[in-house]
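Novice:
Residue numbers (our numbering): 594 to 850.
Structure below.
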C-alpha cells in the first residue's frame, strides 16, 4: 500500500486551491447577478461568462490541489486528453445549471434540477480528473466517501445557484464565495480521502505528462483568465449604473434642444 500525501508541498496547494475556488465562485455569482438584470444577448453572454468562471474555478481548484498529491513508491503522470475532457465537463454542466436558473420561470424547480445536474457534473469532473492519473499500481475508492463527496458537490452547487438568485450586494457575494470555496474544497478532499493505492513497483515509463509539464501551465493560464475576467467585471457598469448615467444625460439633452 502506497502512502498518499495530499499536501506534499505543504499548505501552499490547499490554500491556493481554495483561493481559486473562491475567485471562480465570486466571479460566477457577480456575472449571474448581472445576467438576471439584463435581457436578450446581454443576459446570455453574462451567463456564459458566469459558467466559464465557476467551471474554470472548480477545475483549477482541483488540479492546483493535485499538484500537492503524491504516492510513495511511484511517479505520477496525467493523461492529457482525459484531463482536458474533465475541464470541458466542468464548464458544460455548470453552464447547463446556470442557464436553467437564468431562464426558467419556475425558479424552485430550476434550482433543484440545476443544482443536481451541476453537482453531479462537478463530481464527474473530479473523478474524471482522478481517472486521468497514471501511476504504478491500482487505485481504489471508498464508496461511502465517494458518495459523501457527490452529496457535498450537489449541495454546494445548489447553494451556489440559490446565492446567484438571492444575493445581490458585493459583501454578501463575498461571504457566499468564501463559503462556496470551502464547500468545493471539502468535496475535493473528501473524494481524495476515499482513495487508496496499492503500488506495484516498476521501472517502466509511465504514459502521460507530469504535473509541472501540463497541469501547472494550464492552471496558471486559467487562473490568469479568472483574474482578467474579474477585472473586466469589476470595471463594467451595472444596469443600475447605466440607467443612472442615461437619466443624468437626459436633462442635458433636453436643455440643449
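All C-beta atoms in this analysis are idealised placements derived from N, C-alpha and C, irrespective of residue type, glycine included.
1. Please tell me whether residue 636 and residue 690 are closer than 8 Å, where the distance is taken between their beta carbons.
2. Suppose contacts are defined by Cβ-Cβ distances below 8 Å. Is residue 670 in contact with residue 623 by that definition?
3. Which value, in whole angstroms, describes the spacing of the CA atoms of residue 759 and residue 808?
4. For residue 732, which residues does DSSP report across the bridge?
5. Are residue 678 and residue 812 close, meaning C-beta to C-beta below 8 Å?
6. DSSP three-state call for residue 778: helix, strand or coil?
7. Closest to residue 806 by CA distance: which of 710, 712, 702, 660 is it?
8. For residue 760, does the three-state DSSP call read helix, strand or coil?
9. Does residue 627 pass the burial test, meaning 16 or more other C-beta atoms within 10 Å, or should it be called exposed?
10. Using only alpha-carbon positions, find the residue among 826, 820, 824 that is nearest to residue 649.
11. Quick one: what's got a C-beta closer than 6 Å to residue 699's C-beta in the same chain, skipping five residues either side?
12. According to DSSP, is residue 663 helix, strand or coil?
13. Among 815, 606, 793, which one has its Cα closest to the Cα of residue 665?
14. By alpha-carbon positions, which one of 786, 810, 817 ends up nearest to residue 600?
15. Please tell me whether residue 667 and residue 729 are closer than 8 Å, where the distance is taken between their beta carbons.
16. Return yes when the Cβ of residue 721 is within less than 8 Å of the Cβ of residue 682, no when it is not.
17. Which residues in the same chain as residue 798 place their Cβ atom closer than 6 Å to its Cβ, once the five residues preceding and following it in sequence are excluded?
18. Following the continuous beta strand (DSSP E) through residue 669, name the residue where it begins and the one where it ends.
19. Is it buried or exposed for residue 609, if we count other Cβ within 10 angstroms and need 16 for buried?
20. For residue 602, which of helix, strand or coil comes out of DSSP?
21. At the level of alpha carbons, what is the spacing between residue 598 and residue 746?
22. Assign residue 680 to one of two classes, buried (16 or more other C-beta atoms within 10 Å of its C-beta) or exposed (fewer than that).
Specialist: Taking the geometry as given:
1. no
2. no
3. 35 Å
4. 790
5. no
6. helix
7. 660
8. coil
9. buried
10. 820
11. none
12. strand
13. 793
14. 786
15. yes
16. yes
17. none
18. 669–671
19. buried
20. coil
21. 23 Å
22. buried
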